[in-house]
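Converting from the sequence shown to the numbering used here requires adding 141 to each position, the first position being numbered 1.
Glycine included, every Cβ here is placed at the ideal spot set by N, Cα and C.
No experiment lies behind these values; they were computed from the predicted model shown.
Single-structure report; data block below.
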Amino acid sequence: MSEKRSLWGSKVGFLLAAIGSAVGLGNIWRFSYMAYENGGGAFLIPYLTALLCTGLPLMILEYALGHREKASPPLAFARIHHLWEPLGWWMPVVAFSGITFFYTVIISWCMNYFCLSFNLGWGADTQAFFFNRFLRVSDSPFVLGGIRWPILAGTVLTWLICWSICYRDVRHGIEKASTIFMPLLVVLTLILVGWSLRLDGALDAVKEYYLKADLSKISLFTAAGRKVWVAAFGQIFFTLSLGFGIMITYASYLPKKTDITGNALVTCFLNCLYSVIAGFAVFGTIGFMAKAKGVPFEEAITGGPGLAFVVYPEAINQLPLLNHIFGVLFFLVLIVAGISSMISLIEAFSCSVCDKFSISRKKASSVICGIGLFGSILFTTRAGLLILDIVDHFINNYALILGGIVECVVVGWLLKSQVMRRHVNKSGGLRLLPLWDISVRFITPGILFIIVSGALLGDFSAAYGNYPVNALLLYGGGVLFFTWLTAFVLSHFPWKSEKLKVKHDPDKSLF
Ligand code: PFF
């Protein structure tokens with residue numbers, strides 16, 4: 142039975158959901174480390190340039206496509222040209238099977254650490270605890286070594302929470318959850334920032350390593366400087382959750398009169414603002430820990446899971462008082478940020494399935510979450526961290542970026558960017574300038590092409606992370622191949638013919 146397409150209850154509800162998707166673990170553990178490594182405050186220059194040149198134009202593109210077609214990525218692509226449908230499927234399939242399988246497992250780590258915070262259960266040696274006792278990481282990605290039951294338990298709980306949200310229609314599920322999660326996230330983060338900055342040594346570290354701009358690191362005349370620019374473009378893409386079809390899906394639930402450009406501006410701006418604010422907490426906490434332990438800041442800082450599960454617990458150990466509460470707060474922030482991104486990943490796939498097979502979203506989300514839980518089991522094994530690292534590398538460097546290039550080609554060249562710009566301007570709100578056409582036709586795909594070529598060159602010159610080549614091929618190549626195959630198969634089921642026909646308003650209006 143097919144259902145009527147649901148709509149967001151309010152503009153704010155939509156924005157909160159979109160920002161909830163964008164603000165994720167990466168805003169906390171990826172941005173700060175990148176800023177530290179790449180010139181501190183100076184990193185903001187390539188970061189903001191990337192935001193304006195590729196992030197914002199692509200966000201507008203995704204919103205516009207979803208809004209114009211009122212459809213998930215495969216249906217929107219199929220309407221433009223049926224040959225492109227597999228690529229429309231590829232994005233949500235990657236979001237689902239390439240990311241949610243391990244993203245839930247990371248949220249489960251956060252849940253476990255949330256519980257451990259109550260008695261600082263990680264002990265004095267946080268590094269040994271995380272790798273040897275909690276994850277019990279095996280020696281090779283081929284040696285699965287059995288399931289880690291506490292991790293599986295958290296994973297089941299995460300899937301259950303996500304299912305209970307995605308199962309309902311968008312207004313009563315995702316929108317309602319986002320209106321609770323996002324304000325909660327902001328309040329918790331601000332408490333954490335305020336608390337961190339009051340710690341001994343925090344302000345000095347913030348001034349010295351975060352706010353001080355080392356402009357020499359971003360010079361376009363050096364190879365190292367150019368790498369920083371490429372890294373900034375990659376980060377913008379990842380942080381805004383672009384290239385997965387999520388924003389296409391979310392925008393498909395918008396009403397006819399919508400300020401597309403304005404919404405895209407707000408989403409981009411608030412997401413990046415969140416990263417910059419969270420950076421104060423990270424630099425402050427690490428600065429405090431470095432001072433308390435008498436180690437140089439350079440040795441203390443790290444990014445990714447090492448920051449959350451090794452460095453932060455160590456800093457929490459050093460706190461003079463209320464350390465349990467600090468830990469609970471920090472891991473709660475990660476859990477909330479993670480779940481609000483997770484639901485958007487599930488939604489992109491589930492909306493695509495509902496569009497194509499005309500089944501109810503209750504049925505679709507139940508089956509999808511069931512399959513997702515099954516797929517996550519691989520990452521709850523002792524080899525989980527290693528496999529996750531490989532899969533994440535391939536998804537971020539290839540699938541995500543290729544998704545972005547495809548969107549630019551389909552909208553910029555096949556549909557024609559002018560047609561889309563006219564649609565945006567007819568929908569009301571801020572006016573989209575012709576500069577946008579140049580960006581989505583030339584600048585954005587060109588830069589994404591440079592990023593993907595750089596990644597290819599890097600992977601061919603040295604095996605990523607020193608993993609055995611066959612492990613990279615099996616897990617990294619495997620996920621790319623498997624997602625592509627799934628997309629290809631799904632695109633071969635027929636559409637109900639009325640779905641492909643859509644009456645757009647005539648495009649005779651002015652620019
Ligand atoms: N934007 C999220 C972050 O910065 O952590 C990560 C993410 C979530 C990427 C959802 C992609 C996605 F579809």
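message: Just verifying my parser: in three-state terms, what is the DSSP assignment at G656?
response: Outside the shown range of the chain (142 to 652) lies residue 656, about which nothing can therefore be said.
- prompt: Considering only residues of the same chain and omitting the five flanking positions on each side of W170, which have a CB-CB separation below 7 Å?
  reply: For this step, residue 170 is matched to residue 29 along the sequence shown. A distance below 7 Å between beta-carbons, with the five flanking residues on each side excluded, links W170 to the following residues of its chain, in chain order: G444, G445, L448, A449.
field: The alpha helix (DSSP H) enclosing A422, as first and last residue numbers
entry: On the sequence shown, position 281 is the one that residue 422 refers to. Unbroken alpha helix (DSSP H) run through A422: 401 to 434.
field: Beta-carbon gap between L383 and L199 smaller than 9 Å
entry: Counting from one through the sequence shown, the residue named residue 383 turns up at place 242. Counting from one through the sequence shown, the residue named residue 199 turns up at place 58. Yes, the Cβ-Cβ distance between L383 and L199 is below 9 Å.
field: Nearest neighbour of L202, chosen from L514, F385, G264 [CA to CA]
entry: Start at 1 with the first residue of the sequence shown, and residue 202 comes out as number 61. Comparing Cα positions, the closest option is F385.
message: I'd like the span of the alpha helix (DSSP H) that includes R367, first residue to last.
response: Position 226 of the sequence shown holds residue 367. Residues 364 to 380.
- request: From the DSSP output, in three-state form, read off T320 for me.
  value: Here residue 320 refers to the residue found at position 179 when the sequence shown is read from its first residue. Three-state result, T320: helix.
query: Is the beta carbon of S393 within less than 8 Å of some heavy atom of the ligand PFF?
result: Counted from its first residue, the sequence shown places residue 393 at position 252. No, the Cβ of S393 stays beyond 8 Å of every heavy atom of the ligand PFF.
query: When every heavy atom of the ligand PFF is checked, does at least one fall within less than 8 Å of the C-beta of F490?
result: Counted from its first residue, the sequence shown places residue 490 at position 349. Not so, every heavy atom of the ligand PFF lies at least 8 Å from the Cβ.
message: DSSP has G181 in a bridge; who is on the other side?
response: Taking the sequence shown and counting its residues from 1, one reaches residue 181 at position 40. Its beta-bridge partners are A354.
- prompt: Should K657 be labelled buried (16 or more other beta-carbon atoms within 10 Å of its own) or exposed?
  reply: Look at the range of the chain in this structure, 142 to 652, and you will see that residue 657 is not part of it.
Simplified DSSP state of L202, which is helix, strand or coil: Taking the sequence shown and counting its residues from 1, one reaches residue 202 at position 61. Looking at L202 - three-state DSSP - the assignment turns out to be helix.
message: Tell me the DSSP secondary structure of I332 in three-state form.
response: As a working mapping, residue 332 is identified with position 191 in the sequence shown. Looking at I332 - three-state DSSP - the assignment turns out to be helix.
query: Anyone know if the C-beta pair for G553 and P586 falls short of 9 Å?
result: Locating residue 553 in the sequence shown gives position 412, counting from the first residue. Locating residue 586 in the sequence shown gives position 445, counting from the first residue. Contact: yes.
message: Any heavy atom of the ligand PFF closer than 8 Å to the beta-carbon of F385?
response: In the sequence shown, residue 385 corresponds to position 244, counting from 1. Within the cutoff, so yes.
Rounded separation between S213 and M388 - CA only: Reading the sequence shown from its first residue, position 72 is the one you call residue 213. Reading the sequence shown from its first residue, position 247 is the one you call residue 388. Linking S213 to M388 through their CA atoms gives a straight-line distance of about 10 Å.
- request: State yes or no: is the C-beta of S382 nearer than 8 Å to some heavy atom of the ligand PFF?
  value: The count along the sequence shown starts at 1 and reaches residue 382 at position 241. Checking every heavy atom of the ligand PFF against the Cβ of S382, one is found closer than 8 Å.
message: Would A311 and W149 be called neighbours here (beta carbons separated by less than 9 Å)?
response: Along the sequence shown, read from residue 1 onward, the residue named residue 311 stands at position 170. Along the sequence shown, read from residue 1 onward, the residue named residue 149 stands at position 8. At residue 311 the sequence reads Val, which differs from the Ala that was named. Taking 9 Å as the Cβ cut-off, V311 and W149 qualify as a contacting pair.
task: Have a look at V436 and L356 and give me their C-alpha separation to the nearest angstrom.
output: Within the sequence shown, numbered from 1, the residue matching residue 436 stands at position 295. Within the sequence shown, numbered from 1, the residue matching residue 356 stands at position 215. Roughly 26 Å between the two C-alpha positions.
task: Run the CB neighbour count on V153, radius 10 Å, all protein chains shown included, and call it buried at 16 or more, exposed below.
output: By 1-based counting over the sequence shown, the position of residue 153 is 12. Here V153 is exposed, its C-beta having fewer than 16 other C-beta atoms within 10 Å.
- request: Give me whichever residues DSSP pairs with T585 in a beta bridge.
  value: Position 444 of the sequence shown, counted from the start, is the residue given in the question as residue 585. The partner list for T585 (beta bridge, DSSP) is empty, contrary to what the question assumes.
field: I315 (DSSP reduced to helix, strand or coil)
entry: If you number the sequence shown from 1, residue 315 lands on position 174. I315 carries a helical assignment under DSSP once its states are collapsed to helix, strand and coil.
- request: Along the alpha helix (DSSP H) that carries F242, what are the first and last residues, could you check?
  value: Stepping through the sequence shown from its first residue, residue 242 is reached at position 101. From DSSP, the alpha helix (DSSP H) with F242 extends over 242 to 258.
query: Which residue from L514, V565, C303 puts its Cα closest to that of N404?
result: Taking the sequence shown and counting its residues from 1, one reaches residue 404 at position 263. The candidate whose alpha carbon is nearest that of N404 is V565.
message: Just to confirm my understanding: we take S249, look at its own chain, exclude 5 residues before and 5 after, and list those with CB closer than 6 Å. What are they?
response: The count along the sequence shown starts at 1 and reaches residue 249 at position 108. Around S249: I292, G295, T296, T299.
query: Would the beta-carbon of S213 be found less than 8 Å away from any heavy atom of the ligand PFF?
result: Here residue 213 refers to the residue found at position 72 when the sequence shown is read from its first residue. For the ligand PFF, not one heavy atom lies less than 8 Å from the Cβ of S213.
message: Helix, strand or coil for T443? Go by DSSP, reduced to three states.
response: Start at 1 with the first residue of the sequence shown, and residue 443 comes out as number 302. When secondary structure is reduced to three states using DSSP, T443 falls in the coil class, being assigned neither helix nor strand.
query: With distances taken between CB atoms, is the gap from G479 to F242 smaller than 9 Å?
result: In the sequence shown, residue 479 corresponds to position 338, counting from 1. In the sequence shown, residue 242 corresponds to position 101, counting from 1. No; because the gap between Cβ atoms is not below 9 Å, this pair is not in contact.
query: If you run the structure through DSSP and keep just helix, strand and coil, what is I288?
result: For the purposes of this step, residue 288 is identified with residue 147 of the sequence shown, where counting begins at 1. Strand at I288.
field: Range of the contiguous alpha helix (DSSP H) that encloses K637
entry: On the sequence shown, residue 637 is found 496 positions in, with the first residue counted as 1. K637: not part of any alpha helix (DSSP H); DSSP gives it neither H nor E.
field: Identified DSSP bridge partners for T522
entry: To locate residue 522, count along the sequence shown from 1; it is residue 381. BP columns for T522 point to I288.
Outcome for L555 when other beta-carbon atoms lying within 10 angstroms are tallied against a minimum of 16: To locate residue 555, count along the sequence shown from 1; it is residue 414. Exposed: under 16 other Cβ atoms inside 10 Å.
query: Looking at V547 and W225, is the spacing between their C-beta atoms short of 9 Å?
result: Taking the first residue of the sequence shown as position 1, residue 225 is located at position 84. Taking the first residue of the sequence shown as position 1, residue 547 is located at position 406. Closer than 9 Å, so yes.
S499, buried or exposed, once every other Cβ within 10 Å from all chains shown has been counted against 16: The sequence position of residue 499 within the sequence shown is 358, counting from 1. Classification of S499: exposed, given that the 10 Å Cβ count is below 16.
query: Which class does G295 belong to by DSSP, given the choice of helix, strand or coil?
result: In the sequence shown, counting from the first residue as 1, residue 295 sits at position 154. Three-state DSSP puts G295 in a helix.
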